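Q:
2 protein chains.
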Amino acid sequence: MSTFKAHINIMPLEALLDPQGKAVTGSMTNIGLPEISHVRIGKHITLSIDANDKKTAEGKVEEACKKLLCNEIMEYFTFDVEEVK
Amino acid sequence: MSTFKAHINIMPLEALLDPQGKAVTGSMTNIGLPEISHVRIGKHITLSIDANDKKTAEGKVEEACKKLLCNEIMEYFTFDVEEVK
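Chains A and B supply the protein sequences, listed in that same order.
First residue of the first sequence? That's 6 in this note's numbering, and the numbers climb one at a time after it.
First residue of the second sequence? That's 6 in this note's numbering, and the numbers climb one at a time after it.
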């Protein structure tokens, strides 16, 4: 049994407005950074998985995203899994 | 003038409790994934920067993190910047 670490990004779907990101984009000008635009804000999640191999670990992460972490109506997820030595 | 895209991760400091992550770790067992533990939840932010070169763009992103995006008392940030062709 090995331990793996997953890094997951969950972002609002491109087709949807991201009101939080919109508000932050507006604030950038106010703090003197008008060069910054198109701010989108999502979640970054790290977690540990006990599994026999990387493929199994990836399957568990995908299951966790679909069942619990990501609302696929409004968000999409990407992740990568690495073995912890 | 080029356009750059930044990917920023903002996570709760390791020394601090992450109550949201703790709660999600507990839920993993309930949905049949007891192999998953140590869930920590932060923010993932993407944004565009107009700048002459990558170094300037990185400076702008660091400034945005310190001034607005990251509360350095409770969180730390990491980011990477790439040029958009």
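Note that CB positions come from ideal geometry on N, CA and C, so glycine has one too.
Please read all numbers here as calculations on a predicted model, not as lab measurements.
Which chain A residues sit within Cβ distance under 7 Å of residue 68 (chain B)?
A: 38, listed in chain order.
Q: The alpha helix (DSSP H) that contains residue 31 (chain A), what's its start and end?
A: Unbroken alpha helix (DSSP H) run through residue 31 (chain A): 24–35.
Q: Within 8 Å, do at least three Cβ pairs link the stretch 42–53 of chain B to the stretch 34–47 of chain A?
A: With the cut-off at 8 Å, the stretch 34–47 of chain A and the stretch 42–53 of chain B touch.
Q: Going along the chain, which residues of its own chain have a beta-carbon closer than 6 Å to the beta-carbon of residue 12 (chain B), five neighbours each way excluded?
A: Around residue 12 (chain B): 51, 85.
Q: In chain order, what residues of the same chain have a beta carbon less than 8 Å from the beta carbon of residue 42 (chain B), not counting five sequence neighbours either side?
A: Closer than 8 Å at the Cβ level, and outside the excluded window around residue 42 (chain B), lie 30, 33.
Q: Which residues of the stretch 53–65 of chain A have a Cβ closer than 7 Å to any Cβ of chain B? Give them in chain order.
A: The stretch 53–65 of chain A vs chain B, Cβ under 7 Å: 53, 54, 55, 56, 65.
Q: Going along the chain, which residues of its own chain have a beta-carbon closer than 6 Å to the beta-carbon of residue 63 (chain A), five neighbours each way excluded?
A: Cβ within range, chain order: 86.
Q: By the criterion of Cβ-Cβ separation under 8 Å, what are the contact partners of residue 48 (chain B) in chain A?
A: 46, 47, 48, 49, listed in chain order.
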